[in-house]
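K.L.:
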Amino acid sequence: MFYYIIDILGTIAFAISGVLVAMEKKLDLFGVCIIAFVTAVGGGTLRDMLIGDTPVVWMRSSDYVITILGSVVFAILFVNQLKYLRRTLFLFDTIGIGLFTMVGIEKGISADLMPVMCIFLGTITASFGGVIRDILCNEIPVIFRKEVYATACVFGGISYFLLIKLPWDGAFSYVTAILIIISIRLLAVRFKITLPNIYRNKK
Amino acid sequence: MFYYIIDILGTIAFAISGVLVAMEKKLDLFGVCIIAFVTAVGGGTLRDMLIGDTPVVWMRSSDYVITILGSVVFAILFVNQLKYLRRTLFLFDTIGIGLFTMVGIEKGISADLMPVMCIFLGTITASFGGVIRDILCNEIPVIFRKEVYATACVFGGISYFLLIKLPWDGAFSYVTAILIIISIRLLAVRFKITLPNIYRNKK
Amino acid sequence: MFYYIIDILGTIAFAISGVLVAMEKKLDLFGVCIIAFVTAVGGGTLRDMLIGDTPVVWMRSSDYVITILGSVVFAILFVNQLKYLRRTLFLFDTIGIGLFTMVGIEKGISADLMPVMCIFLGTITASFGGVIRDILCNEIPVIFRKEVYATACVFGGISYFLLIKLPWDGAFSYVTAILIIISIRLLAVRFKITLPNIYRNKK
Chain A
107 MFYYIIDILG TIAFAISGVL VAMEKKLDLF GVCIIAFVTA VGGGTLRDML
157 IGDTPVVWMR SSDYVITILG SVVFAILFVN QLKYLRRTLF LFDTIGIGLF
207 TMVGIEKGIS ADLMPVMCIF LGTITASFGG VIRDILCNEI PVIFRKEVYA
257 TACVFGGISY FLLIKLPWDG AFSYVTAILI IISIRLLAVR FKITLPNIYR
307 NKK
Chain B
107 MFYYIIDILG TIAFAISGVL VAMEKKLDLF GVCIIAFVTA VGGGTLRDML
157 IGDTPVVWMR SSDYVITILG SVVFAILFVN QLKYLRRTLF LFDTIGIGLF
207 TMVGIEKGIS ADLMPVMCIF LGTITASFGG VIRDILCNEI PVIFRKEVYA
257 TACVFGGISY FLLIKLPWDG AFSYVTAILI IISIRLLAVR FKITLPNIYR
307 NKK
Chain C
107 MFYYIIDILG TIAFAISGVL VAMEKKLDLF GVCIIAFVTA VGGGTLRDML
157 IGDTPVVWMR SSDYVITILG SVVFAILFVN QLKYLRRTLF LFDTIGIGLF
207 TMVGIEKGIS ADLMPVMCIF LGTITASFGG VIRDILCNEI PVIFRKEVYA
257 TACVFGGISY FLLIKLPWDG AFSYVTAILI IISIRLLAVR FKITLPNIYR
307 NKK
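Chains as they are written, first to last, in this note's numbering: chain A, 107 to 309; chain B, 107 to 309; chain C, 107 to 309.
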């Protein structure tokens, strides 16, 4: 029940972020719905197609579709107020990333994949919705250019595989890993930490 | 046989629309073939990957490949004349959308999916070939910006699930739904009906 | 063992070509890794998803991930020297295309697909990593615009299906087809052979 609520909150945050990007691009109502949808479920969809767990997850329950449609209606009605909710949205989004990463990792473990592949799946689940959103909007995906985002997923995933070796209940490792992901992202944004610059000759 | 002919006509129309877009972008011969191909089969391919019905449909019969290659040759040879066929092409395209939507819905029903997911699959089948075409050509997909296109698929799909509740043969519902999709699109284009504007401050 | 070495060399060449493109776009470290990764495994991933051979190949062995990460580190450290290795890289890349095409064709044959579909799968394996790389970098894929690239794969694939009808060992056909692909590409680049121009009114 707890996980379910966080999952839904994460889906809402991702869907709303999709609506905001799509409206900036002046897409029509259908375009806005599609972008909201792919932002929210794109990562999980790619993950399910990669491991062959089909039909992909959002096809098996109407919860996602209903949640996303509701989010789109809400976002369009209150688009002007959403500016003031930026912090709340960012928090939802960050919580969503934490949870989505762990959902992907769990899926990888169920499919008997190596830990490194599980971490990949977790990162894909959390970040590729945004990548597909940016491709559809004809932008270079934002996570390739700035912000510690996928990096947080990768570190959280590594922590999880270290933590489950400890003599405690697996659920603690799970929750701790989510908290690590959330903390890394919050701290990175708060203190403007970015990935090391790999370019010697800057313009 | 009737369905087969419409399917092939739809594939031809989609392939030719791909050739025209690719030639506008000055792609080479290989690029033109690829764009024609993904426009014609991209929607069905994504649908099959989402539900795990693999190998995807165009790999199981050479009909699609032959039809598309023939269309490409035809379109390149008669590119100047195609301008005058614009209406005929538009009609093929619209018929193709109607049929492709119902093919996708049928696939969803066979996979025991909920009606709403079937309608999604139908819409994906009919419209994502064009979306992939536009992404490969580095454009924001045209169906996100104008024209009642996917909307027609969605309404047709809803009609189908209402119609099959009537005490008549399923084939009537099938054909009626196709006609509804075709009619909505023709009427929308004829009377320049578009989706409601969701932007308050227009530029 | 021989094939394995060539496979790894091809993966290295593809990964490095991804790094170079990503650095030109000023992506951050994570973006560079992702682009290197999709360039190297994107074609095989799409192939595996199309035929339903999941989990996709790079998830089953850590060799690919390790090879690609090593290539990224190498490419970033020696980016200035790589200019002088352009010829060597081009050779690796071309060898990689030859091998990747045949890997894809073999996969298609194992899946009981028609020869034409096997050739499609081979071409996808060899060329779609680069296509996905260009889409993520917001460019029209380079292979749609210039260079005999996919064409070499297609001719090599056709040769293979003709050669295996000869009364000799299948391995000879396999190697000969790889050499044909490599030769076509090398000759085409050497003598600046391109696909026939399909545009009558050039600007």
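Every residue, glycine too, gets a C-beta built ideally from N, C-alpha and C.
Tell me the DSSP secondary structure of residue 277/A in three-state form.
P.N.:
Position 171 of the first sequence, counted from the first residue, corresponds to residue 277/A. If DSSP states are grouped into helix, strand and coil, residue 277/A belongs with the helices.
K.L.:
Under a CB-based cut-off of 8 Å, is residue 158/C close to chain B?
P.N.:
For the purposes of this step, residue 158/C is identified with residue 52 of the third sequence, where counting begins at 1. Yes, its Cβ sits closer than 8 Å to a Cβ of chain B.
K.L.:
Taking the alpha carbon of residue 257/B as the reference point, which residue from 203/B, 116/B, 130/B and 281/B has its own alpha carbon closest?
P.N.:
Taking the second sequence and counting its residues from 1, the one referred to as residue 257/B is at position 151. The shortest Cα separation from residue 257/B among 203/B, 116/B, 130/B and 281/B belongs to 203/B.
K.L.:
What's the gap between the Cα of residue 309/A and the Cα of residue 131/C?
P.N.:
Position 203 of the first sequence, counted from the start, is the residue given in the question as residue 309/A. Position 25 of the third sequence, counted from the start, is the residue given in the question as residue 131/C. Here residue 309/A scores only 42 on pLDDT, less than 50, and its place in the model is too uncertain to base an answer on.
K.L.:
List, from N- to C-terminal side, the beta strand (DSSP E) runs of 3 residues or more that fit wholly inside the region 112–175 of chain B.
P.N.:
Listed in chain order, there is nothing to give.
K.L.:
How many angstroms separate the CA atom of residue 191/A from the CA atom of residue 237/C?
P.N.:
Counting from 1 along the first sequence, the entry for residue 191/A is found at position 85. Counting from 1 along the third sequence, the entry for residue 237/C is found at position 131. Their backbone Cα atoms lie some 38 Å apart in a straight line.
K.L.:
Quick check on DSSP: helix, strand or coil for residue 268/C?
P.N.:
Taking the third sequence and counting its residues from 1, one reaches residue 268/C at position 162. Note: residue 268/C maps to helix in three-state DSSP.
K.L.:
Any idea what DSSP makes of residue 293/A, helix, strand or coil?
P.N.:
Within the first sequence, the letter at position 187 stands for residue 293/A. Of the three classes helix, strand and coil, the one that applies to residue 293/A here is helix, per DSSP.
K.L.:
Decide if residue 184/A is buried, meaning its Cβ has at least 16 other Cβ atoms within 10 Å, or exposed.
P.N.:
Here residue 184/A refers to the residue found at position 78 when the first sequence is read from its first residue. It counts as exposed.
K.L.:
Interface residues of chain A around residue 241/B at Cβ under 9 Å?
P.N.:
Residue mapping note: residue 241/B aligns to position 135 of the second sequence, counting from 1. 241, 242 and 244, listed in chain order.
K.L.:
Should residue 228/B and residue 208/B be called a contact, given that it needs their Cβ atoms to be closer than 8 Å?
P.N.:
Counting from 1 along the second sequence, the entry for residue 228/B is found at position 122. Counting from 1 along the second sequence, the entry for residue 208/B is found at position 102. A contact, by the Cβ cut-off of 8 Å.
K.L.:
Step through the CB atoms of chain C and report whether any lies within less than 8 Å of the CB of residue 113/B.
P.N.:
For this step, residue 113/B is matched to residue 7 along the second sequence. Judged by the 8 Å Cβ criterion, residue 113/B is not in contact with chain C.
K.L.:
What did DSSP end up calling residue 220/B once you bin it into helix, strand or coil?
P.N.:
Within the second sequence, the letter at position 114 stands for residue 220/B. Three-state result, residue 220/B: coil.
K.L.:
Can you give the Cα-Cα distance for residue 122/C and residue 111/C, rounded to whole angstroms?
P.N.:
Numbered from its first residue, the third sequence carries residue 122/C at position 16. Numbered from its first residue, the third sequence carries residue 111/C at position 5. Rounded to whole angstroms, the gap between the alpha carbons of residue 122/C and residue 111/C is 16 Å.
K.L.:
Within this structure, are the beta carbons of residue 145/C and residue 291/C separated by less than 8 Å?
P.N.:
What you label residue 145/C is simply residue 39 of the third sequence in a count that begins at 1. What you label residue 291/C is simply residue 185 of the third sequence in a count that begins at 1. Not closer than 8 Å, so no.
K.L.:
Which residues in the same chain have their Cβ closer than 7 Å to the Cβ of residue 201/C, if we skip the five residues on either side of it in sequence?
P.N.:
The residue labelled residue 201/C in the question sits at position 95 within the third sequence. The answer, listed in chain order, is 112, 115, 116 and 288.
K.L.:
Can you pull the chain C neighbours of residue 257/A, defined as C-beta to C-beta under 7 Å?
P.N.:
Working through the first sequence from its first residue, we reach residue 257/A at position 151. Per Cβ cutoff of 7 Å: 136.
K.L.:
Residue range of the alpha helix (DSSP H) that residue 186/A falls in?
P.N.:
In the first sequence, counting from the first residue as 1, residue 186/A sits at position 80. Start and end: 185–188.
K.L.:
State the CB to CB distance for the pair residue 206/C and residue 149/C, rounded to an integer number of angstroms; the pair is presumed to be in contact (CB under 8 Å).
P.N.:
Looking up residue 206/C in the third sequence gives position 100. Looking up residue 149/C in the third sequence gives position 43. Their Cβ separation, rounded to whole angstroms, is 6 Å, which keeps residue 206/C and residue 149/C in contact under 8 Å.
K.L.:
Under 8 Å between beta-carbons, which chain B residues line up against residue 288/A? List them in chain order, please.
P.N.:
Within the first sequence, residue 288/A is the residue found at index 182, counting from 1. Correct list: empty, because the minimum Cβ distance to chain B is about 30 Å.
K.L.:
Could you check whether residue 151/C and residue 162/C sit closer than 8 Å to each other, using their CB atoms as the reference points?
P.N.:
Translated into the one-based positions of the third sequence, residue 162/C becomes position 56. Translated into the one-based positions of the third sequence, residue 151/C becomes position 45. For residue 162/C and residue 151/C, yes; Cβs fall inside 8 Å.
K.L.:
Check this for me: beta carbons of residue 182/C and residue 125/C, under 8 Å apart or not?
P.N.:
Numbered from its first residue, the third sequence carries residue 182/C at position 76. Numbered from its first residue, the third sequence carries residue 125/C at position 19. Going by C-beta atoms, residue 182/C is nearer than 8 Å to residue 125/C.
K.L.:
Is it buried or exposed, residue 153/A, if we count other Cβ atoms within 10 angstroms and call 16 or more buried?
P.N.:
If you number the first sequence from 1, residue 153/A lands on position 47. Result: buried.
K.L.:
Nearest to residue 196/C by alpha carbon, out of 255/C, 174/C and 226/C?
P.N.:
Here the question's residue 196/C lines up with position 90 in the third sequence. Taking residue 196/C as reference, the option from 255/C, 174/C and 226/C with the minimal CA-CA separation is 255/C.
K.L.:
My guess is that residue 260/A and residue 225/A are in contact by the Cβ rule of under 8 Å, so how many angstroms apart are they, rounded?
P.N.:
Counting from one through the first sequence, the residue named residue 260/A turns up at place 154. Counting from one through the first sequence, the residue named residue 225/A turns up at place 119. Taking 8 Å as the upper bound for CB-CB distance, residue 260/A and residue 225/A are in contact here, some 6 Å apart.
K.L.:
So, helix, strand or coil for residue 309/A, using DSSP?
P.N.:
Numbered from 1 along the first sequence, position 203 holds the residue referred to as residue 309/A. Reliability of the predicted coordinates at residue 309/A is poor, the pLDDT of 42 falling under 50, and the value obtained from them is presented with this limitation in mind. The answer is coil: DSSP assigns residue 309/A none of H, G, I, E or B.
K.L.:
With 8 Å set as the bound, which would you pick, yes or no: does the beta-carbon of residue 140/B sit closer than that to a beta-carbon of chain C?
P.N.:
One-based indexing of the second sequence puts residue 140/B at position 34. Taking Cβ atoms only, chain C reaches closer than 8 Å to residue 140/B, which makes this a yes.
K.L.:
Residues of the region 217–228 of chain B with a CB closer than 7 Å to any CB of chain A: list them in chain order, please.
P.N.:
217, 219, 220, 222 and 223
K.L.:
Could you give the DSSP three-state label for residue 257/C: helix, strand or coil?
P.N.:
Mapped onto the third sequence, residue 257/C falls at position 151. Residue state, collapsed to three classes: helix.
K.L.:
Identify each residue in the region 169–202 of chain C for which the Cβ-Cβ distance to at least one residue of chain A is less than 7 Å, and report them in chain order.
P.N.:
171 and 182
K.L.:
By Cβ distance, which residues of its chain are closer than 8 Å to residue 230/A, with the 5 residues on each side in sequence left out?
P.N.:
Working through the first sequence from its first residue, we reach residue 230/A at position 124. Around residue 230/A: 149, 152, 153, 156 and 210.
K.L.:
Who are the neighbours of residue 329/C on chain A, taking C-beta pairs under 8 Å?
P.N.:
The structure shown does not extend to residue 329/C, since chain C is modelled only from 107 to 309, so the question has no answer here.
K.L.:
For residue 293/A versus residue 283/A, is the C-beta distance shorter than 8 Å?
P.N.:
To locate residue 293/A, count along the first sequence from 1; it is residue 187. To locate residue 283/A, count along the first sequence from 1; it is residue 177. No.
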